[in-house]
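Comments concern the structure below.
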Amino acid sequence: MAVIHYVAVLLGLFFIFAGTIKVVPINPGGQGYDFMMKEFERFATVSPLKLVGVNLSPHLYCALVGLVEVICGTLIAFGRYPYRFLSCLDIIIIMIGAVYTLFALGEPLPHMIPALVCGTVALMVVIFRDGLDGRPSKKSGSSSKSKQT
């Protein structure tokens, strides 16, 4: 099994955790739900959704982002490739929106690095479907012996 599969599982589990913190009122280490609510009150002021005319309350905005992250994380970690592909595209879009939001708020670059890294890893999962070596994975039942004879 290709390394990219394990990368996808880790990425998916990360987004399941990150989305759960936005949806379920738990506060591990004081950096959970309450912290996310305070942050999304700031994020809602410069949301990229406002560019298309959608104005969400901070609580609804946080819940929607969290729900999408949980669903996409589950499909990235445990879904077949078509679902993994579409979920990675959703995560890439969310990460672009996160970088845009942080940039619009005037946050320094180190605050944008997690979103950039997660978006890049999701892009890698999409691009390197067959593994990081670039060779297509061997299908079961392929007859390499018949080519030799």
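Counting from 1 along the sequence shown, just add 6 to a position and that's the residue number in our numbering. Ideal Cβ positions, reconstructed from N, Cα and C, are used throughout, including at glycine. Remember, predicted model here, so these are calculated numbers, not experimental data.
Spatial distance of S63 from A50 (CA atoms): Counting from one through the sequence shown, the residue named residue 63 turns up at place 57. Counting from one through the sequence shown, the residue named residue 50 turns up at place 44. So the two alpha carbons sit approximately 7 Å from each other.
Cβ-based neighbour list, S146, same chain, cut-off 8 Å, excluding 5 preceding and 5 following: Locating residue 146 in the sequence shown gives position 140, counting from the first residue. With a pLDDT of 49 at S146, under the threshold of 50, the modelled position of this residue cannot be trusted; read the value that follows with caution. A distance below 8 Å between beta-carbons, with the five flanking residues on each side excluded, links S146 to no residue of its chain.
Inter-residue Cα distance where the pair is G85 and L70: Counting from one through the sequence shown, the residue named residue 85 turns up at place 79. Counting from one through the sequence shown, the residue named residue 70 turns up at place 64. So the alpha carbons of these two residues sit roughly 21 Å apart.
Backbone secondary structure at N61 - three-state DSSP: Taking the first residue of the sequence shown as 1, we reach residue 61 at position 55. Here DSSP, grouped into helix, strand and coil, assigns N61 to coil.
Simplified DSSP state of L55, which is helix, strand or coil: As a first step, residue 55 must be located in the sequence shown, where it is residue number 49. When DSSP states are grouped into helix, strand and coil, L55 belongs to the helix group.
Neighbourhood of S93 by C-beta, 6 Å cutoff - its chain only, sequence neighbours within 5 removed: Position 87 of the sequence shown, counted from the first residue, corresponds to residue 93. Here the set comprises C78, L81, I82.
Alpha helix (DSSP H) segment containing L122, residue limits: Along the sequence shown, one-based indexing puts residue 122 at 116. Note, L122: alpha helix (DSSP H), 115 to 133.
Contacts around I32, its chain only, beta-carbon distance under 8 Å, and the 5 residues preceding and following it disregarded: The residue given as residue 32 occupies position 26 in the sequence shown. These residues qualify, in order along the chain: T26, G38, Y39.
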